[in-house]
Amino acid sequence: MLALTMNLNYQIDNYCLNISFLSLFISMICYWLIIAFPKKTFFLKFAHFEVSLANILLVYLLAYRWLKYSYFPLSNLYESLLFLSWSLTTIQLILEFKFKHKLIGAIASPVGTLTLAFSSFLLPKYMQEVSPLIPALKSNWLLMHVSVILISYAMLLIGSLLSILFLLLSRNTKLNYTKNNNLTTTYNDTLILKNEDKLNLLTTIDNLSYRIIGLGFPFLTIGIISGAVWANEAWGSYWSWDPKETWALITWIIFAIYLHTRINKSWQGEKSAVVAGLGFVVVWICYLGVNFLGKGLHSYGWFL
1 MLALTMNLNY QIDNYCLNIS FLSLFISMIC YWLIIAFPKK TFFLKFAHFE VSLANILLVY
61 LLAYRWLKYS YFPLSNLYES LLFLSWSLTT IQLILEFKFK HKLIGAIASP VGTLTLAFSS
121 FLLPKYMQEV SPLIPALKSN WLLMHVSVIL ISYAMLLIGS LLSILFLLLS RNTKLNYTKN
181 NNLTTTYNDT LILKNEDKLN LLTTIDNLSY RIIGLGFPFL TIGIISGAVW ANEAWGSYWS
241 WDPKETWALI TWIIFAIYLH TRINKSWQGE KSAVVAGLGF VVVWICYLGV NFLGKGLHSY
301 GWFL
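Once you know that position 10 of the sequence shown is 10 in the UniProt record's numbering, the rest is easy, because the numbers rise by one and skip nothing.
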């Protein structure tokens, strides 16, 4: 009877997860279509609906585990992937509501789609099952530390991707910054409209990237500090140079450098975007790459 119940729960989880993945995949296609066909506003509305549907299903999956097993579902790789996907969709919806720009969805939806695809299709079944918490995880810091870190990852990933897009679109374009940190460029009369449109687009992407990373960095800082406090409670040391801790510090340094380059006029634009692009890679190494090594206190012990 217990095995039957567990199998039924797995099927329900898998069903909701697959629908969430399909919804995000459809939204991703719709965002790309609205960029290709700007006048077809139906695609944008449908994309918003699909992202919202995926977000609601992810809330259900997380809430169901929380209520059934009496701890917030952040204890293993599968649950953290669900929470990261929920964070990506939630932040995407909030940013789109605030900034009213479809580029945010076009950038964020592929990340959410791939994250859910990884958790649904690549993780083995045993990693998706609930297991008893180890003593170190039986703490209120589980919710405080891990949730804040994953929310920061979501923001930093979206902001970094916008910087990568900025680099791709600004190739072969000479950019300058005014005293007010606004982008300027020189263009011929015959190409004035085209270049003005491109400049406006680059300015929007650059500002969005800076604002989103600027929001994510404090969350990362709080997450690292709360993790150090939790580590002292659980293991008797604030910092042990565990691989996850080391890469978290590297991630913090990379984005601290990025924010510093935004102050320095000579580093703004392409140079700062390169730093943010490096941050995109470092975040994934910190989140997934270190775990797959099977070493350290934060390892999930599974290698692809």
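Even for Gly, the Cβ is constructed at its ideal location relative to N, Cα and C.
Treat the numbers as computed from the prediction; the structure is a model and nothing was measured.
**Request:** Following the continuous alpha helix (DSSP H) through L67, name the residue where it begins and the one where it ends.
**Result:** T41 to Y69
**Asked** Alpha carbon to alpha carbon, what distance is there between F255 and residue 324?
**Response** In this structure the chain extends from 1 to 304, so residue 324 is not present and cannot be described.
**Message:** Within the continuous alpha helix (DSSP H) that includes V283, where are the two ends?
**Reply:** Annotation for V283: the continuous alpha helix (DSSP H) segment containing it runs E270 to W284.
**Message:** With H, G and I counted as helix, E and B as strand and the rest as coil, what does DSSP make of F110?
**Reply:** The sequence given here places Pro at residue 110; Phe does not occur at that position. The answer is helix: DSSP assigns P110 an H, G or I state.
**Message:** Using only the alpha-carbon positions, how far apart do F166 and V275 sit?
**Reply:** Pairing F166 with V275, the inter-Cα distance amounts to about 12 Å.
**Status (buried if at least 16 other CB within 10 Å, exposed otherwise) for S23** = buried
**Request:** Report yes if the CB atom of F43 is closer than 8 Å to the CB atom of I34, and no otherwise.
**Result:** yes
**Prompt:** Assuming L143 contacts S87 under a Cβ cut-off of 8 Å, what Cβ separation, rounded to an integer in Å, is found between them?
**Reply:** At roughly 14 Å, the Cβ-Cβ gap does not stay under 8 Å, so L143 and S87 are not in contact.
**Prompt:** Roughly how many whole angstroms lie between the Cα atoms of L82 and I29?
**Reply:** In this structure, the CA atom of L82 is about 21 Å from the CA atom of I29.
**Continuous alpha helix (DSSP H) assignments of at least 4 residues falling wholly in the stretch 194 to 264** = Counting only runs of 4+ residues, the alpha helix (DSSP H) found wholly inside the stretch 194 to 264 occupies 243 to 261, in chain order.
**Request:** Can you have a look at W230 and say buried or exposed, based on whether 16 or more other CB atoms are within 10 angstroms of its CB?
**Result:** buried
**Message:** What would DSSP say about H101, mapped onto helix, strand or coil?
**Reply:** coil
**Asked** What's the call for G236, buried or exposed, on a 16-neighbour Cβ count within 10 Å?
**Response** When all chains shown are included, G236 counts as exposed.
**Prompt:** Using DSSP with H/G/I as helix, E/B as strand and the rest coil, what is K125?
**Reply:** Here K125 sits in helix by DSSP.
**Message:** So, with DSSP's three-state summary, where would you put F72?
**Reply:** coil
**Prompt:** Near L62, which residues of its chain fall below 7 Å by C-beta distance, leaving aside the five closest residues on each side in sequence?
**Reply:** P73, L82, F83 and W86
**Request:** Name the two residues that bound the continuous alpha helix (DSSP H) containing G159.
**Result:** S147 to L169
**Item:** Reduced DSSP secondary structure (H/G/I, E/B, other) of L133
**Value:** coil
**Prompt:** Are residue 315 and L169 closer than 8 Å when you measure CB to CB?
**Reply:** Here the chain covers residues 1 to 304 and nothing more, so residue 315 does not appear.
**Asked** What's the C-alpha gap between I213 and K68?
**Response** If I take the Cα positions, the gap works out to 35 Å.
**Message:** Taking the beta carbon of W239 as the centre, do at least 16 other beta carbons fall within 10 Å, making it buried, or is it exposed?
**Reply:** exposed
**Item:** Reduced DSSP secondary structure (H/G/I, E/B, other) of residue 307
**Value:** As shown, the chain starts at 1 and ends at 304. That puts residue 307 outside it, with no answer to give.
**Request:** Take K271 and list the residues in its own chain whose beta-carbon comes closer than 8 Å to its own, dropping the five residues that flank it on each side.
**Result:** T261
**Prompt:** Between Y125 and E245, what straight-line distance do the alpha-carbon atoms span, to the nearest angstrom?
**Reply:** At residue 125 the sequence reads Lys, which differs from the Tyr that was named. C-alpha separation (whole angstroms): 28 Å.
**Asked** Do L17 and S120 have their C-beta atoms closer together than 8 Å?
**Response** yes
**Message:** Just to confirm my understanding: we take Y78, look at its own chain, exclude 5 residues before and 5 after, and list those with CB closer than 7 Å. What are they?
**Reply:** S119, L123, M127 and Q128
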